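Step one of this worksheet: look at the structure below.
Numbering (our numbering), first residue to last: 846 to 1284.
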């Protein structure tokens, strides 16, 4: 009987599986074959294993890749353009005017590539995005090798991309057809928010999502003003309106969800809605502290997102995971809220659940696809290492991510990007800075 020949065998001091909260395998290796986790093997048996590549990582953690559940990748080109503003001032007077002048296919491709390089270097393997010029985002996903969810933004008002809701939908679906054979590229429907989308359009989105089996990605209850204005104008809170329109279902990924009462948390849980928590953006825009502990206690799949670099200002999922744990504690005055293992689950398996891919990724399990990252804990800043789960959340930084794989393909090797040209990306970013400043 012939021995299995693996593609890659990676050994490390610790493997955080996320199969069970806090489960850590010490001195084990992961064998990768045909893009999948083929075996998990004690390190002392590795010498007898045959693999095309063997990587011994020593004082590293191996764990599932991080899943960024809410982002606007192309907006990386607007990083730092307008800071310290309230959300609607930031949007109406700074971001939307800049987008009106500059957002085209090349802006989206270049900005998304820059964002993906940053995310890969920070251990993110999946991005759930929402923007315009979706084919450009899809091409960036293919160029980077990231697992990419392309959100087709839908609004009632015109932008460079489309003139009305029907055109946003038709153009997005046409671009989706170009990528139907690409396993790592998935399109979603992304009605922007209750205050920018009509009832009729929301109904169309629900029908189309059911017909085409697509996820829905929407900003909901991000600010107190959003909720209060809805009550003033429509005599109901946005979530109640969306419930009446049929939007609440396991297809929905609700971004932010900062301002929720107990009844709304129960409604979200009963309908199977997933939530994308964006702690840094919510803090920077002073939107508030989302009731994450209460949502988790109700059984809601709460994942973590960065939002866009224009409102964060970095795409650092390790920092977001730490903030998610800390904000939950200060928001409830309970130091046991969202412990480290739960925070890691939010950044990995919960994100996979929200996207409907928990059978493929989100934990280290034989048969799942090899979306993996390695984090080097040998640094002075993470010595000594009593508990790797704690260290990943509370002590380590994205600069300690050494390796990244998506479906077994190495995207980052010893901190070096493997699919993207760092020098060229920085040059493109500088070119866009000059173009934006010139107008």
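Beta carbons: idealized from backbone N, C-alpha and C, even for Gly. Predicted model only: the values in this text are computed from it and were never measured.
| Asked | Found |
| --- | --- |
| Tell me the DSSP secondary structure of residue 1212 in three-state form. | coil |
| Given a threshold of 16 other Cβ atoms within 10 Å of its Cβ, counted over all protein chains shown, does residue 1076 qualify as buried or as exposed? | exposed |
| Would you call the region 1187-1201 and the region 947-961 in contact, with 3 or more CB pairs under 8 Å? | no |
| Once the 5 residues before and after residue 1153 are set aside, which same chain residues still bring their CB inside 7 Å of it? | 916, 917, 920 |
| Kindly provide the ranges of any alpha helix (DSSP H) runs that are 4 or more residues long and lie completely inside the region 1134-1211, ordered along the chain. | 1137-1142, 1162-1177, 1185-1190, 1196-1200 |
| Going by other Cβ atoms of all chains shown within 10 Å of its Cβ, with 16 needed for buried, is residue 1055 buried or exposed? | exposed |
| When you compare only the Cα positions, how much space is there between residue 1040 and residue 1151? | 22 Å |
| Pull the bridge partners of residue 1061 from the DSSP assignment, please. | 1034, 1097 |
| Within the chosen definition, does the region 1088-1101 reach the region 1047-1062 through at least 3 CB pairs nearer than 8 Å? | yes |
| Indicate whether residue 877 and residue 849 have their beta-carbon atoms separated by less than 9 Å. | no |
| Which ranges would you report for the alpha helix (DSSP H) in the region 974-1058 if only whole runs of at least 4 residues count? | 979-989, 1010-1021, 1044-1057 |
| Determine the contact status of residue 973 and residue 913, defining contact as a CB-CB distance below 9 Å. | yes |
| Determine contact between the region 989-1002 and the region 921-935, defined as no fewer than three beta-carbon pairs at a distance below 8 Å. | no |
| Residues in its own chain within less than 8 Å of residue 982 by CB, not counting five upstream and five downstream? | 918, 919, 953, 954, 957, 974, 976, 993, 995 |
| Check for me: the alpha helix (DSSP H) holding residue 1270 runs from which residue to which? | 1267-1283 |
| List in chain order: all unbroken beta strand (DSSP E) runs of 3+ residues lying wholly within the region 935-976. | 969-974 |
| Would you tell me roughly how many angstroms separate the C-alpha atoms of residue 1074 and residue 1202, rounded to the nearest one? | 36 Å |
| Where does residue 874 fall in DSSP's three states? | strand |
| If we ignore side chains and look at the alpha-carbon of each, how far apart do residue 1173 and residue 866 end up? | 18 Å |
| Return the chain-ordered list of same chain residues with a C-beta closer than 6 Å to the C-beta of residue 870, the five sequence neighbours on each side being excluded. | 860 |
| Give the DSSP-derived three-state secondary structure of residue 846 in the structure shown. | Only weak support is given to the placement of residue 846: the predicted model assigns it a pLDDT of 39, under 50, and the value that follows is read from those uncertain coordinates. The answer is coil: DSSP assigns residue 846 none of H, G, I, E or B. |
| Just to confirm my understanding: we take residue 833, look at its own chain, exclude 5 residues before and 5 after, and list those with CB closer than 6 Å. What are they? | This structure gives no information on residue 833, because the portion of the chain shown stretches from 846 to 1284. |
| Distance, Cα to Cα, residue 846 vs residue 1053? | Low confidence applies here, because residue 846 scores a pLDDT of 39, under 50, leaving its location unreliable and the question unanswered by this model. |
| Name the two residues that bound the continuous alpha helix (DSSP H) containing residue 1124. | 1124-1129 |
| Please report the straight-line C-alpha distance between residue 1159 and residue 1113, rounded to a whole angstrom. | 29 Å |
| On the CB-based measure, 16 or more other CB atoms within 10 Å of its CB, does residue 1161 come out buried or exposed? | buried |
| Cα-Cα, which of 893, 1126, 909, 1257 is closest to residue 1285? | In the structure as shown, the chain starts at 846 and stops at 1284, and residue 1285 therefore has no counterpart that could be examined. |
| Give a yes or no on whether the C-beta atoms belonging to residue 1157 and residue 1126 are separated by under 9 Å. | yes |
| Below 7 Å CB to CB, which residues in the same chain sit around residue 836 once its five sequence neighbours on both sides are set aside? | The displayed coordinates of the chain run from 846 to 1284. Any statement about residue 836 would go beyond what the structure contains. |
| From residue 1210 to residue 1251, what does the alpha carbon distance come to, in whole angstroms? | 15 Å |
| Report yes if the CB atom of residue 1155 is closer than 9 Å to the CB atom of residue 1239, and no otherwise. | no |
| CA-CA distance, residue 1034 and residue 1256? | 28 Å |
| For residue 916, list the residues DSSP reports as bridge partners. | 974 |
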